[in-house]
Each structure stands twice: as structure tokens, then as C-alpha cells.
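Note that full-length UniProt numbering has the sequence shown beginning at 1, numbered continuously upward.
See structure below.
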Amino acid sequence: MRFQNLDLNLLVALDVLLRECSISRAAEQLHMSQPAMSSALARLRTYFGDELLVPVGRKLELTSRAESLKEAVRDVLMRVDNAIAAAPEFNPAESDRKFQLIASDYTAVTLIPHVLALAQKQSRTVRFDLIPLLDRPQRALESGDADLMVIPRTYAWPDHPTELLFEETFCCVVCNDSSFARSGALTAKQYETAGHVAVQPPAMDKPTLETWFKQRYLKARRVEATTFSFVGAPYLLVGTDRIATMHVRLARIARKSLPLTLFPLPTPMPPMEQMQQWHRHRTRDPGLIWLRGLMHEAVLRMDAGADQNPPD
């Protein structure tokens with residue numbers, strides 16, 4: 001089929017070529033031979049009057065024309081997929097669909113186990129693939145490589161719809177052998193002057209905790225150790241006199257297996273709003289509607305048996 005003299009089948013090849021920047025990987029992804037993919041690229045070059053992919057050293061890079069086409073082509077294909085190719089209804093008991101979720105390790109430990117437990121009650125064939133929060137996770141949402149992101153509101157993309165899942169508060173976590181735990185108190189002055197374990201995930205380019213600390217104490221925290229992992233942070237406290245500022249739900253889970261004491265923050269910090277976000281063209285995707293509802297059910301399940309008392 002052609003539209004304005006372009007074979008529409010070539011749009012699929014163009015989309016993969018622009019994302020992979022590799023003829024061999026694009027051919028493999030579309031189950032084509034390399035000569036066939038090379039032929040498709042040649043036809044695309046003729047149509048657009050541009051090289052699209054040019055050799056730079058030992059790899060291929062996009063031309064400026066190709067860069068301008070990348071998001072537009074992906075957007076068109078996602079619209080077609082959502083309007084035509086998507087199933088008119090979704091029955092989890094009969095589906096073998098794989099949902100790809102972008103989430104931090106905090107979310108993977110606190111919320112996702114409840115999502116999987118609820119999903120298994122409805123289906124033994126639906127699958128889930130957790131994708132870590134890497135650099136610019138929104139690209140995966142835009143490209144269709146992810147179905148859903150679970151992220152703080154601060155990092156949500158304004159171009160796509162979101163829903164509030166839950167709010168999370170923060171607390172201070174210290175080792176049971178620390179001077180703070182032994183004294184049974186943590187003052188604002190101690191929090192200000194102590195050494196801290198900080199978390200800086202690769203994708204998070206807006207350090208809201210550091211911003212809050214500077215606004216409150218008019219100086220930066222004394223960070224003595226930094227990790228990319230929320231789950232790993234409490235392990236770095238054991239045997240030290242340091243403090244970690246952690247999500248309350250995660251801190252309570254960590255306390256079950258590590259010698260930790262939890263204190264309220266000496267100064268209140270605004271709660272984190274944890275959102276789920278999906279591509280705007282997939283709002284009516286029946287499978288995604290089911291998954292989004294499942295996420296809300298999982299939040300209720302997560303908090304149903306949780307300790308609702310404030311930290312020690």
C-alpha cells in the first residue's frame with residue numbers, strides 16, 4: 001500500500017532503523033535478511049532525498065533529517081497500532097501479553113509484588129518485564145518500548161497523562177549501634193551536621209531531597225556515601241553513625257532484615273506523589289486500562305497490612 005508514493009511497509013523499517021542505527025539489528029528485529037533491510041534503506045533514502053544513516057567511524061549515526069523524522073514516525077505507528085491493531089477487549093485469563101513497566105527499585109520492592117500477586121489471580125499467562133529507571137526513561141514510553149512508568153510526579157512528562165497512585169512520606173534511618181539510636185533521639189541540629197548516605201538514581205536529574213535540605217538548612221548535606229539504589233541505601237548504614245533519609249514504606253521493609261532504627265524527620269518534608277504514566281495515544285488500550293486498574297488495587301493491598309504508625 002502506498003501513500004504519496006511511499007510504500008507504507010517501509011515506515012516500519014524506517015522506525016526500527018532510526019531507533020537502532022544499525023542495519024543488522026534492524027533486520028534481526030524485523031526478521032529480515034540484511035540485504036533486504038539494506039534495500040529498504042536505499043528506497044527510503046531515495047524517497048526522502050537524504051542519507052538518513054551515515055557512517056561515523058565504525059557505526060551509523062542519524063542525519064539531521066533522520067532526527068527530525070524519528071519521533072514523528074514512531075508517533076504515527078503508535079497511533080495506527082492503538083487504533084487498529086489493538087484488541088477491542090482484554091481478557092487477562094486468555095492473554096499472553098507482556099507488559100513492560102519502568103520503575104525504580106523502591107517501587108519494585110514496595111508495590112510491584114502486590115501487582116504480580118493480584119495479576120496471577122486473574123491470569124497465569126500475562127507476563128511482566130520490569131525496566132530500570134535509566135537515563136531519560138520517557139524515551140521508552142515514546143518509542144513504545146514501555147507500557148507504563150511508575151515515577152514521582154516531579155519526573156512525570158507533561159506530554160502524557162498521569163494518575164496518582166499513592167503518597168509516600170520520608171523518615172530518617174540509622175543503625176541500631178549508632179549514637180542516635182543509643183540516645184533514642186535525633187534532633188534537627190544532629191540531622192544538619194551528621195554524615196549522610198544519599199541516593200542518586202541514574203535517571204533522576206532533579207535532586208529534590210538536596211533542594212529541600214538546602215532550603216531548610218541553607219547549606220548542602222554532608223554526603224559521605226552515595227548509591228544509585230534506594231534498596232541498597234540502608235545496607236550502607238550498618239556499623240556507621242550515618243543517616244539515610246528514606247521512604248517510610250521501604251524503611252519499614254528494610255528494618256525487618258537489618259539492625260535499623262527509624263526516626264521522624266526533624267523538619268517536615270513534603271510527601272512524594274507516586275504516579276503512573278502512559279503514552280497519550282494508548283489511553284484506550286484495553287490491556288493498559290486493566291493494568292492501570294490493577295495498580296490501584298495493588299496500592300490498597302500494599303497498605304492494607306502495613307504499619308500505619310509513624311516511625312519510632
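Every residue gets a Cβ at the ideal spot worked out from N, C-alpha and C, and that includes glycine.
- Distance from the Cα of Lys189 is smallest, within the candidate group Leu14, Thr267, Val56, for Thr267.
- Residue pairing from DSSP places Val56 in a beta bridge opposite Lys59.
- Looking at the DSSP output, Cys172 sits in a beta bridge with Thr245, Phe263.
- Under DSSP, His196 takes part in a beta bridge, and its partners are Val223, Ile243.
- Taking Arg216 as the centre and dropping the five residues before and after it, the same chain places the C-beta of Thr267 closer than 6 Å to its C-beta, in chain order.
- Only buried fits Gly144, as 16 or more other CB atoms lie within 10 angstroms of its CB.
- Buried is the label assigned to Asp147, since at least 16 other Cβ atoms lie within 10 Å of its Cβ.
- A straight line joining the alpha-carbon of Leu260 with that of Phe180 spans about 11 Å.
- In this structure, Thr162 sits away from Met302, with a CB-CB distance that is not shorter than 8 Å.
- For Asp129, DSSP records a beta bridge to Gln100.
- Comparing C-alpha distances from Val54 to each of Leu30, Asp75, Ser33, Leu18 shows the shortest one belongs to Leu18.
- In this structure the stretch 91-104 does not touch the stretch 36-55; the number of beta carbon pairs closer than 8 Å is below three.
- Across the set Ala244, Glu297, Ser229, His296, the C-alpha of Ser229 shows the shortest separation from the C-alpha of Pro202.
- By a beta-carbon distance limit of 8 Å, Ala103 contacts Ile112. Their separation comes to about 6 Å.
- Val174 and Ile243 do touch by the CB rule: their CB atoms are close to 6 Å apart, below 8 Å.
- DSSP places Val238 outside both helix and strand once states are collapsed to three, so it counts as coil.
- Around the beta carbon of Gly232, a 10 Å sphere encloses fewer than 16 other beta carbons of the protein chains shown; the residue is thus reported as exposed.
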